[in-house]
Structure formats: structure tokens, C-alpha cells
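Numbering (full-length UniProt numbering), first residue to last: 5 to 787.
Here a beta-carbon is modelled for each residue, glycine too, at the ideal position from N, C-alpha and C.
Note that the coordinates shown come from a computational prediction; the quantities given were computed from them, not determined experimentally.
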Ligand code: ATP
Ligand code: MG
């Protein structure tokens, strides 16, 4: 090779070298995690360019995420003096967008076409269904969306779908109408980007031939997770179908993948594309990479042993020259809360050992798990960043639920009013809302108070919304925070609404997680204690506010009870404050050294020095929906394989005896995956097979034993579980009791929360209204 190129090839092993320098032709690299697949792909592009075999414009490279595309461009830019922008490197969607921008006219789009994200798409479908008076009960918008997205993934237009039932016919008709609406408005959804590109290549010979000539080399990473349409798109670019048979062209395609890391079957990924590729593209070179450069052998052995339990595999080996390294540490906690505390402690130790925070990752199976971890990190003032999802309190469904709660607390909160006045949809249109806003403005009142000013049907709808809120406010008096939230979730129609959505299950999980958040806010943090205990100065220094918007309001009104009357915030108000505070910018800024939080799915292709895999429990990981059939279980195991192989130096696995999930306490047994790991690579930080009988103590007991600090590690186990019965309240109050207060007079106890120092009572004073009083301060006498 010419001299400059050889420096590119210096740090490659023989197999990698032969892959990078393959002659023209189609090839498949099938290799395990951390074997340098992505590195080979990037280096091959650089080598092709540097040896003059292709110009930058002749390259098409597909990555799985935008992040990976950016990284690849940055690396190429560093290796070569080349204009990386000239190269087509991106995700399938990104590349199709670029293609359609270049050929908008031929694609039948306006030059300014806009892209609809999933949320926009749903609103568009809803609008359409309303316009055509489609019964939303019978055809929920989310289902329609699902139907349309699925059809597009399979490359089908309405005319291609054979409707077998009356319902099917209706769905196809909606698909047709939706297409017309999008076309009229000049918008395309994600599926359309891909399908429209494919069709343009298929139907326009000159365009197809142009790109077939242009792209000399097509390189695709994470090939195991491509879907049917993506594979068909590739075939359009890299060959021709003659009399129904695919004939590969002059373009060289390099597909890179790992069947053991196929984890997107639920989104239409088809691992069979690999076998089809080898056959249809007449692959001449198949290369295996067996040397892992990422992980120490304890980690790698764990991954290898685990995945060997899958039957359906193409078969690969992985070895490493690095020594055993640290053992894989396994921790069993009594609660998810204790698990998070332990993790924070370990992170402190890792930081002392000189490991940067951005080299620590916490991986979990489902998004709902992140909240407890976020709270622990936040309380410990550890900057963190959540990937592939919004922070818990910023998620749309959570914001909707909080808006209902806020309106209960304060009917004049117009922002919350607007957020939910027509959510879930209740036939209140934009025009009615405008009308209401005008009326409110004219009368100088809140939206809530101005509804009577709007007449007609619109006014009636608005009034019934307001009535609903007012009734909810009445109904929630005297209820515990948990009960309030549960009632609101049901009666607002949010749960029902999300039940009909494609991604609704995840949202419902999150809503249920909100109940947990409230529960632990009350029981562990002595509701509002974190806010009380943390003076304003410290709040200012918390990661939330460090270096961020100086105008961001900091709560300067502590939640401590009024010294004279004992009056304090209601648990609901305190919780809402907590949520608002947490949803500030307590996520570390980009570039800041922060712990990385993400789902296992989002971690694909990434690597970190230290990885924590949390919640390794039956029903969670493997997920309960996947435990009944063998195929799904194998996908879960691949997911676990992906998780383990993200770690370079240290790997931690944890599971918890109890966990608040989906609004209830679960007593989980540890994941079967522990039985599938090599004992020699593990170190149990807590006694293995720790006896645990769910009846031995309740959830509250589990928490009680971890309360008040000392989350260190083994202390948690040293202290015996506390029995489930709550200690008898020392204040002697019961709800329904009549009491007397020096300032507010006589009243009725409606609810009690907390215990000891944190005990509070909700009391209805006929003269002064409903108040929350801190029992350690308020002087109450039974009457
Ligand atoms: P995954 O399956 O997780 O996507 P991968 O096969 O794409 O992994 P890479 O991310 O390309 O693997 O490489 C893993 C790590 O090993 C990277 O840090 C990479 O820089 C390093 N690496 C790869 N090949 C070599 C080599 N020959 N010498 C030294 N380090 C290497
Ligand atoms: Mg990779």
C-alpha cells in the first residue's frame, strides 16, 4: 500500500486488516461485540479514499443512530483531509431525507416539505378522523397510526393492501385519506421518508441508474437490525431485479453485524436479512473477527457464557488478550431505592479511583426504572444525563398528569389549564379556546373562571371540563397523595387514552411510576423534607442550577411549617414543588462530565469504562412480556449480551428484592440470567441466595431498614427486617376526629400522612378551609 495509507492500517489485527483492504465486491463481517466492526467500517472508508479507489461522493455509509454518524464523520475528518460533508453518512432516515431534498420534484413533494415526528403524526391523524367523523372508539387514532406505520415498513400503499374485513377497509380508507392530507399539507412522516425514497428509486430509471453509478461503496453498520423496506432500498441501489431475480451490480456492499445483538424485532428488524444478503448479493467474502478489544476477560466470559444459552445463533467466538480484570460485582438490595443508593456509593468510590463520570453508565431494561436512579443521583448532587428519553418529569404523559394535579391545587394555573383542556381530546377546538382566552383577558380572570363567558356548544364543553376539575378537587379532599394521583389518573381519562396508543404501554408505566414517585416522596423523604432540609444556598449549588440560567426561580419559601400555627404545604403541593424543582435543568449539560443513564436498547454500539446493569429481576429483565415464548426470551438474552458487552473495565449487576413498579410493590426473584453467568467471573457483594420470603416483611419495612442514612452496603442486610405493621401513631389522631386549633378553631381530621417528626394531618376547618398541619408543631386538642 502507498505510504500514507499504511499508517491507517497500523493498529489492526490480520482479520481486521483483510476486512479493511478487501477487494471490490460484496462482503459480510459477522462478529461479536467489541471486536472492532465499527472501527473496521470507518477505517475502510478512510482507506478507500486515501488509496484513491473512490471519491468522497462515491461513499454511502449507514449508521444506526445520528450520534454514531457524527462520530464516524469526526473520526474520518481526523484521519484524512477530506470534506466529510460531501459524504453520505447517516441513518436510513437521515439519508432518505437528504435524497428527497435533492429530488423533491420527482418525489412529488414541495421543496419545503416538513417532517412529522410521531407526536405530530398522531395529531394529524386525529384531526383527520374528526373531520371525517370517524368513530374514535372503534378506530382509536393510535391504532390507525400503528396500522399506517406498519404498512409503510412493509412497503405497502393503500392500493396494495387487500382488506379482508369491514374494519380493514376502513383502516385502508383512513390510510388513503391521511396520505392525501399529508400531501396537501406538504408533510412526510418517518415511514414516508423511507418508502418514498424507495419508490422513487424503483420507478425512476434515470435516478436509480445515476445513484447506482455514483455510489461505488455502500457500508452498513448494525446490519442485523435492518427491516424489510431498508433491505429492499439497498437492493435498489446496489443491483437490478431481472425477471424477478436480484442481480448484484458493480457497487460494493459491506454489511457489518452481529446476530447476537439483534434487539429490534419489535420494530420490524429482520435478522434474516443477513442470510438473504449472503445469498442474494452473492457474498464472496465473509470475515469473522474474534478478538475483543473492549473488555477484560471476566466481562467477556460473562457475555460469552450467557449468550451460549441461545440456540438460534450463527456461531462466533470472542477472546481477549487483556487479563481477567476486576470480577463482575453482583449486588442484591432490599429495595429499588437501596439499589440506587448503593450505586451512588459505588460511583463515589469509582470517582475516587479517578474514573470520569461520563465513563460510568447505568443501563436499565425499561424507561420507568430511571426515576429512582435519577432521584438518588440528584440528591447526591451527581450530574447525570439521560439518553434516549426525556427526564421523567418532563415526559409528556407526566406533564399532563401534573397539570391536572396543579389545577386541583390552583384553579388559576392557566398554563396547566391549556395543556389539558382538550387532553385527552374532548371536542374543544382551537377556536373555542381562543374565544375563552379573549373572554378571560377582557374580564381579567383566569381561564377556569371565564368559561361561563363562552356560549353555545363550545361553552358547554368548556364548562363540563371545568366541572370535572372542580368535582375532582372535591373528591380528593381527605385522600392520601397516592389516592389523589390514582383518582386523577383514572378520572382524567389519561390512562384510558394511553391504553389505545401504540406506545401507550410505556406511558402508562410511567404514569404508574408517578404514583410510586409520590409514595416514596411521602414515605422516604418525609414529604418535602428534602426541600425543607436543603437551604436555598445549597439549592443554588446543586447540579440543577450550577452554571445554568441564573434567572431560574429557586424555591425560596421553605416548606417548614409555620412556627405559630403549624400550617404547612399539602403533600400534593409539596410534591408538585418537588416535581417542578426536579424538572428544572438537573440534567447535566452536554459536554459536562456526567453519569450516563439509558436503556439497554439505546446503548447499542457504545462503550464505557464502568457499567451498572440494574433491575436484573424476573419479569423486569427478562421482561414479563417476553418470558412465555422462546423467541422473545432469546431476544431478551441478546439484550443482556449487549448490556454486558458495553463495559470495558468494570461491570456491576444488581437486583432488588422489592421494587415499586407499575404502581405496586413487587417481590421479585433475581433474574434467571444470573444462573447463566460463569461463577468464576462473579463476586457477590451480598450473600448469594439470600433467603427472602415476601411475607417476612412489607415494603415499608424494607424501606424503614434503609432509612436514615447508612445505605453504605452491607449494613442494609445487617439490620433485621422491620415487621410490616406501622407503629401506632403517637399523636393519637384518626380521620373523622374533631379537633380544636388555637387559631383555626374546631375542625375535622380528614387525612393523616407520615409518622414521627413528619406526621401531618389534613383538617377541614369550617371557618378557614382545608389545611395541612405539621403535628410536631401544631397544637391540637381532641374535642
Ligand atoms: P459493537 O458490536 O459493540 O458495536 P464493535 O465490533 O463495533 O462493537 P468497536 O466499537 O469498533 O467494536 O471497537 C471496540 C473497541 O475496541 C473500540 O474502543 C476500538 O477503538 C477498539 N479496537 C478495535 N480494534 C482495535 C485494535 N486492532 N487495536 C486496539 N483497539 C481496537
Ligand atoms: Mg459497533
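Could you give the distance in angstroms between the alpha-carbon of residue 502 and the alpha-carbon of residue 150? Taking the first residue of the chain shown as 1, we reach residue 502 at position 498. Taking the first residue of the chain shown as 1, we reach residue 150 at position 146. The alpha-carbon atoms of residue 502 and residue 150 are separated by roughly 13 angstroms.
Cβ distance (whole Å) where residue 776 is taken to contact residue 480 below 8 angstroms: As a first step, residue 776 is located in the chain shown; it is residue number 772 there, counting from the start. As a first step, residue 480 is located in the chain shown; it is residue number 476 there, counting from the start. With a Cβ gap of about 13 angstroms, residue 776 and residue 480 do not count as contacting.
Burial state of residue 371, where buried means 16 or more other Cβ atoms lie within 10 Å: Here residue 371 is taken as the residue at index 367 of the chain shown, counted from 1. Buried is the call here.
How big is the Cα-Cα spacing for residue 114 and residue 155? As a position in the chain shown, residue 114 is number 110, starting the count at 1. As a position in the chain shown, residue 155 is number 151, starting the count at 1. Between residue 114 and residue 155, the C-alpha separation is close to 24 angstroms.
Which value, in whole angstroms, describes the spacing of the CA atoms of residue 641 and residue 513? Position 637 of the chain shown, counted from the first residue, corresponds to residue 641. Position 509 of the chain shown, counted from the first residue, corresponds to residue 513. Between residue 641 and residue 513, the C-alpha separation is close to 22 angstroms.
If you drop the 5 nearest sequence neighbours on each side, which residues of the same chain put their C-beta closer than 6 angstroms to that of residue 655? Taking the chain shown and counting its residues from 1, the one referred to as residue 655 is at position 651. Excluding residues up to 5 positions away in sequence, 303, 332 and 615 lie with their Cβ nearer than 6 angstroms to the Cβ of residue 655 in the same chain.
Locate the alpha helix (DSSP H) running through residue 461, then write down its first and last residues. In the chain shown, the residue the question calls residue 461 occupies position 457. It spans 460–480 - the alpha helix (DSSP H) in which residue 461 sits, taken as one unbroken run.
Please classify residue 356 as buried or exposed, where buried requires at least 16 other C-beta atoms within 10 Å of its C-beta. Stepping through the chain shown from its first residue, residue 356 is reached at position 352. Under this definition residue 356 is an exposed residue.
Kindly list the residues whose CB is nearer than 7 angstroms to the CB of residue 427, restricted to its own chain and excluding five residues on each side of it in sequence; keep chain order. To locate residue 427, count along the chain shown from 1; it is residue 423. Excluding residues within five positions, the ones whose Cβ falls inside 7 angstroms are 404.
DSSP puts residue 690 in a beta bridge; with which residues? For this step, residue 690 is matched to residue 686 along the chain shown. For residue 690, which the question treats as bridged, DSSP gives no partner whatsoever.
Segment contact flag, the segment 631–641 with the segment 102–112, C-beta cutoff 8 angstroms, min 3 pairs: By the Cβ criterion, the segment 631–641 is not in contact with the segment 102–112, since fewer than three pairs of Cβ atoms, one from each stretch, lie closer than 8 angstroms.
Please classify residue 542 as buried or exposed, where buried requires at least 16 other C-beta atoms within 10 Å of its C-beta. Stepping through the chain shown from its first residue, residue 542 is reached at position 538. For residue 542, the predicted model reports a pLDDT of 29, less than 50, meaning its position is unreliable; a value from the coordinates is still stated below. So residue 542 counts as exposed.
Under the rule that 16 or more other beta-carbon atoms within 10 Å means buried, what is residue 494, buried or exposed? Reading the chain shown from its first residue, position 490 is the one you call residue 494. By the 10 Å Cβ count, residue 494 comes out exposed.
Could you round the C-beta distance between residue 49 and residue 65 to whole angstroms and report it? I think they count as a contact, below 8 angstroms. The residue labelled residue 49 in the question sits at position 45 within the chain shown. The residue labelled residue 65 in the question sits at position 61 within the chain shown. Indeed, because the Cβ distance is near 6 angstroms, the residues count as touching under 8 angstroms.
For residue 774, name the three-state secondary structure that DSSP assigns. As a working note, residue 774 is residue 770 in the chain shown. In the structure shown, residue 774 sits in a strand (DSSP, three-state: E or B).
With respect to 7 angstroms, is the separation between the Cβ of residue 327 and the closest non-hydrogen atom of ligand 2 below this value? Mapped onto the chain shown, residue 327 falls at position 323. Residue 327 Cβ: outside cutoff for every heavy atom of ligand 2.
If you draw a straight line from the C-alpha of residue 293 to the C-alpha of residue 228, how long is it? Residue 293 sits at position 289 when you count from the first residue of the chain shown. Residue 228 sits at position 224 when you count from the first residue of the chain shown. Approximately 16 angstroms between the Cα atoms of the pair.
For residue 363, the nearest candidate out of 583, 387, 194 and 764 (CA to CA): In the chain shown, the residue the question calls residue 363 occupies position 359. Comparing Cα positions, the closest option is 387.
In the DSSP assignment, what are the bridge partners of residue 64? Here residue 64 corresponds to residue number 60 of the chain shown, with the count starting at 1. Answer by DSSP bridge pairing, in chain order: 92 and 222.
Where the alpha helix (DSSP H) through residue 402 begins and ends: In the chain shown, the residue the question calls residue 402 occupies position 398. Segment 400–413, the alpha helix (DSSP H) holding residue 402.
Determine the direct distance from the alpha carbon of residue 763 to that of residue 742, and round the result to whole angstroms. As a working note, residue 742 is residue 738 in the chain shown. As a working note, residue 763 is residue 759 in the chain shown. Whole-angstrom Cα-Cα distance: 17 angstroms.
Cutoff 7 angstroms; reference residue 504; Cβ partners in own chain excluding five residues on either side: In the chain shown, counting from the first residue as 1, residue 504 sits at position 500. The answer, listed in chain order, is 144, 146 and 147.
Can you tell me whether residue 109 sits near ligand 2, meaning its C-beta is under 7 angstroms from at least one heavy atom of the ligand? For this step, residue 109 is matched to residue 105 along the chain shown. Flag unset: Cβ of residue 109 not near ligand 2.
For the alpha helix (DSSP H) containing residue 277, name the first residue and the last one. Reading the chain shown from its first residue, position 273 is the one you call residue 277. 277–284 is the extent of the alpha helix (DSSP H) around residue 277.
Just to check my reading of the structure: residue 129 and residue 182 have Cβ atoms closer than 8 angstroms, yes? What is that Cβ distance to the nearest angstrom? Taking the first residue of the chain shown as position 1, residue 129 is located at position 125. Taking the first residue of the chain shown as position 1, residue 182 is located at position 178. With a Cβ gap of about 6 angstroms, residue 129 and residue 182 count as contacting.
If you follow the beta strand (DSSP E) that residue 744 is in, where does it begin and where does it stop? Here residue 744 refers to the residue found at position 740 of the chain shown. Unbroken beta strand (DSSP E) run through residue 744: 742–745.
Could you pull out every unbroken beta strand (DSSP E) segment of at least 3 residues lying fully inside the segment 643–676, listed in chain order? Every beta strand (DSSP E) stretch that sits fully inside the segment 643–676 and reaches 3 residues is listed by chain position as 651–665 and 668–671.
Based on DSSP bridge pairs, tell me the residues matched to residue 385. Against the chain shown, residue 385 aligns to sequence position 381. Its beta-bridge partners do not exist; DSSP assigns none.
Could you check whether the segment 668–676 touches the segment 609–628, counting it as contact only if at least three pairs of C-beta atoms, one from each stretch, sit closer than 8 angstroms? yes
Cβ of residue 42 within 7 angstroms of any heavy atom in ligand 2? In the chain shown, residue 42 corresponds to position 38, counting from 1. Yes, the beta carbon of residue 42 sits closer than 7 angstroms to at least one heavy atom of ligand 2.
Take the Cβ of residue 184 as the centre, count every other Cβ of all protein chains shown within 10 Å, and call the residue buried at 16 or more, exposed below. Counted from its first residue, the chain shown places residue 184 at position 180. Label assigned to residue 184: exposed.
Where does the unbroken alpha helix (DSSP H) through residue 18 begin, and where does it stop? Locating residue 18 in the chain shown gives position 14, where the first residue counts as 1. Taken as a continuous stretch (DSSP letters only), the alpha helix (DSSP H) holding residue 18 covers 18–24.
Quick one: is residue 219 buried, meaning 16 or more other Cβ sit within 10 Å of its Cβ, or exposed? Residue 219 sits at position 215 when you count from the first residue of the chain shown. Burial check for residue 219: the Cβ neighbour count within 10 Å reaches 16 or more, so the residue is buried.
CB-CB under 7 angstroms to residue 685, same chain, minus the five flanking residues each way: which ones, in chain order? Your numbering for residue 685 matches position 681 in the chain shown. The residues are 302, 305, 306, 331 and 332.
Given a cut-off of 8 angstroms on the beta-carbon distance, is the pair residue 652 and residue 299 in contact? Residue mapping note: residue 652 aligns to position 648 of the chain shown, counting from 1. Residue mapping note: residue 299 aligns to position 295 of the chain shown, counting from 1. Yes, Cβ-Cβ distance for residue 652 and residue 299 is below 8 angstroms.
Cβ of residue 298 within 7 angstroms of any heavy atom in ligand 3? Looking at this structure, you won't find ligand 3 anywhere; what it does contain is ligand 1 and ligand 2.
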